[in-house]
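Chemist:
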Amino acid sequence: MSTATDSSFPPELSALDREALAWLTRLSGEPADASARRDFADWLQLSPEHRQAYERAEALWHSSALTVALGQYAAIPLPMPVKRFTAGWAAAAGVMLTCGWLAFAAGWIDVLRADVATAAGKQRREILSDGSALILNTDSAVTLDYTDGRRGVTLLKGEAYFEVQPDKARPFVVRAEQGTVSVVGTRFSVRDGATTSVDVESGVVVCSAERGESRTVRAGQHSDISAAGVSEPAASDAEQRFAWLKGRLIFKDKSLADVIAELDRYHPGAIVVADADLGQIRITGNYKLQDTAALVRTLADIAGAKVYGLDGYLTVLKR
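With full-length UniProt numbering as the guide, the letters of the sequence shown map in order to residues 1 to 319.
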């Protein structure tokens, strides 16, 4: 199986920041012996930059925003603590403490399984063997199924848009966690999440839940597939639903918290709204996705908030 991925995943931490994060992890875990404490004191005195790196690591470790940010990502197994300080352990500590890297690691298994995948903030268009087109949205992954007379994909994570070539003998099937979407020829999108969201731009699709319930969803309609079944199709806002295909996000009277949660899908690091009241401010607008960091600053200006960042991995909005 070939894997097509985007190369612009979150960048490496500096060696000094890795060392600082590793020391913090070590000293915050099992009680350090006298030798370890002496080694740390010697390391801290090597230069002002060493002390500054450790202060940055401490600020992240004690930040309440870190807890919120980490909660946005799936739990992943991490290396067990080791007794001696090594370069490898420093790298592992950096992975554990850095939000951007945590998100990357949490999705790495899906990327390894995928035939086509994208990084945060990237999109990818693929022409499939039957002439159908697949467009993957940000941080998404699929496997392809074109064997034994079948055609279709499995959505491992994220969101995908499909332009399906008609073939009555071989319906195109999208498999997701909560169910399947079957079509002969149409244009539609499928998004993974708490439910599997389906939006139809043209034609007709059949949404089926794992327990067997099915509903027909037509052009201009939206439906959700969940463990409880398939929701009644409802009219959807096509301009808003498919705006990402044109590199934009459109919001109509949405809370800032909801807007940031959506924007966070396209941003390499984690974005957190630290104040509950701030998160309730209503936002309406049509925004370009070209520079997510600039968009965060624009939204902060609208909401009267300040932006605090940590090396590009954690961005906090706070009054």
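Heads up, the beta-carbon is just placed ideally off N, CA and C, and yes, glycines get one too.
#1: Have a look at ARG282 and GLY149 and give me their C-alpha separation to the nearest angstrom.
#2: Classify ARG211: buried if its beta carbon has 16 or more other beta carbons within 10 angstroms, exposed otherwise.
#3: Use the C-beta contact count for THR186: other C-beta atoms within 10 angstroms, 16 or more gives buried, fewer gives exposed.
#4: From what residue to what residue does the beta strand (DSSP E) around ASP145 run?
#5: Write down the C-beta distance between GLY229 and GLU213 rounded to the nearest angstrom, noting that I regard them as a contact closer than 8 Å.
#6: Which whole-angstrom value is the C-beta distance of GLU163 and SER140, which I expect to be below 8 Å?
#7: Could you check if ASP277 is buried or exposed, using at least 16 other CB atoms within 10 Å of its CB as the buried criterion?
#8: Tell me the residue span of the alpha helix (DSSP H) that contains VAL174.
#9: Which runs of the alpha helix (DSSP H), 4 residues or longer, sit entirely within the stretch 207-241?
#10: Using the rule of at least 16 other Cβ atoms within 10 Å of the residue's Cβ for burial, across every protein chain shown, is SER129 buried or exposed?
#11: State the Cα-Cα distance for the pair ALA300 and ALA133, rounded to the nearest angstrom.
#12: If you draw a straight line from the C-alpha of LEU24 to the C-alpha of LYS306, how long is it?
#13: Beta-carbon separation of VAL184 and ASP199 under 8 Å?
#14: Roughly how many angstroms separate the alpha carbons of VAL181 and ALA114, rounded to a whole number?
#15: Which of helix, strand or coil does DSSP assign to LEU314?
#16: For the candidate residues TYR161, GLU177, ASP33, whose alpha-carbon lies nearest to that of ARG241?
#17: What does the alpha-carbon distance come out to for the pair TYR308 and ARG248?
#18: Taking only three categories from DSSP, how would you classify ARG297?
#19: Between which residues of its own chain and ALA257 is the CB-CB distance below 6 Å, once the five residues before and five after are set aside?
#20: What does DSSP give as the partner residue(s) for THR180 in the beta ladder?
#21: Which of helix, strand or coil does DSSP assign to ARG51?
#22: Use the C-beta contact count for ASN286: other C-beta atoms within 10 angstroms, 16 or more gives buried, fewer gives exposed.
#23: From which residue to which residue does the beta strand (DSSP E) around ASP275 run?
#24: For THR138 versus ARG265, is the C-beta spacing smaller than 8 Å?
#25: Alpha carbon to alpha carbon, how far is ALA303 from PRO171? Give it in angstroms, no decimals.
#26: Apart from the five residues just before and just after residue 320, which ones in its own chain have a Cβ nearer than 6 Å to its Cβ?
#27: Let me check understanding here. Comparing Cα to Cα, which of LYS254, PHE251, ILE225 lies closest to VAL205?
#28: With DSSP collapsed to three states, give me the class of VAL259.
#29: State the start and end residues of the unbroken beta strand (DSSP E) segment that holds ALA133.
#30: Terminal residues of the continuous alpha helix (DSSP H) containing LEU44?
Modeler: From the atom records:
#1: Each residue's alpha carbon lies about 49 Å from the other.
#2: Counting Cβ neighbours within 10 Å, ARG211 comes out exposed, since fewer than 16 surround it.
#3: Classified as buried, THR186 has 16 or more neighbouring CB atoms from the shown chains inside 10 Å of its CB.
#4: 141-145 is the extent of the beta strand (DSSP E) around ASP145.
#5: So it is a contact: roughly 4 Å between Cβ atoms.
#6: Between SER140 and GLU163 the Cβ distance is about 16 Å, and since that is not below 8 Å, they are no contact.
#7: By the neighbour-count rule (16 or more Cβ atoms within 10 Å), ASP277 is not buried but exposed.
#8: Run containing VAL174: none in the alpha helix (DSSP H); it sits in the beta strand (DSSP E), 172-175.
#9: Runs of the alpha helix (DSSP H) inside the stretch 207-241: 238-241.
#10: Exposed.
#11: Whole-angstrom Cα-Cα distance: 37 Å.
#12: When rounded, the distance between both Cα atoms is 28 Å.
#13: Taking 8 Å as the Cβ cut-off, VAL184 and ASP199 do not qualify as a contacting pair.
#14: In a straight line, the C-alpha of VAL181 is about 19 Å away from that of ALA114.
#15: LEU314: strand per DSSP, three-state reduction.
#16: Selection TYR161, GLU177, ASP33 evaluated against ARG241 yields TYR161 as nearest (Cα-Cα).
#17: Using only the alpha carbons, I get a separation of about 24 Å.
#18: In this structure, ARG297 counts as helix in the three-state DSSP scheme.
#19: VAL273, GLY279, listed in sequence order.
#20: Per DSSP, ARG175, SER208.
#21: In this structure, ARG51 counts as helix in the three-state DSSP scheme.
#22: With fewer than 16 other Cβ atoms within 10 Å, it is exposed.
#23: No beta strand (DSSP E) contains ASP275, which DSSP labels as neither H nor E.
#24: Cβ atoms of THR138 and ARG265: closer than 8 Å.
#25: Their Cα atoms are separated by approximately 47 Å.
#26: One cannot answer for residue 320 here, as it falls past the ends of the chain, which runs 1 to 319.
#27: Comparing Cα-Cα distances from VAL205 to each of LYS254, PHE251, ILE225, the minimum goes to ILE225.
#28: In the three-state scheme derived from DSSP, where H, G and I count as helix and E and B as strand, VAL259 is classed as helix.
#29: In the DSSP annotation of this structure, the continuous segment of the beta strand (DSSP E) that includes ALA133 starts and ends at 133-136.
#30: Looking at the DSSP string, the run of the alpha helix (DSSP H) that includes LEU44 is 34-44.
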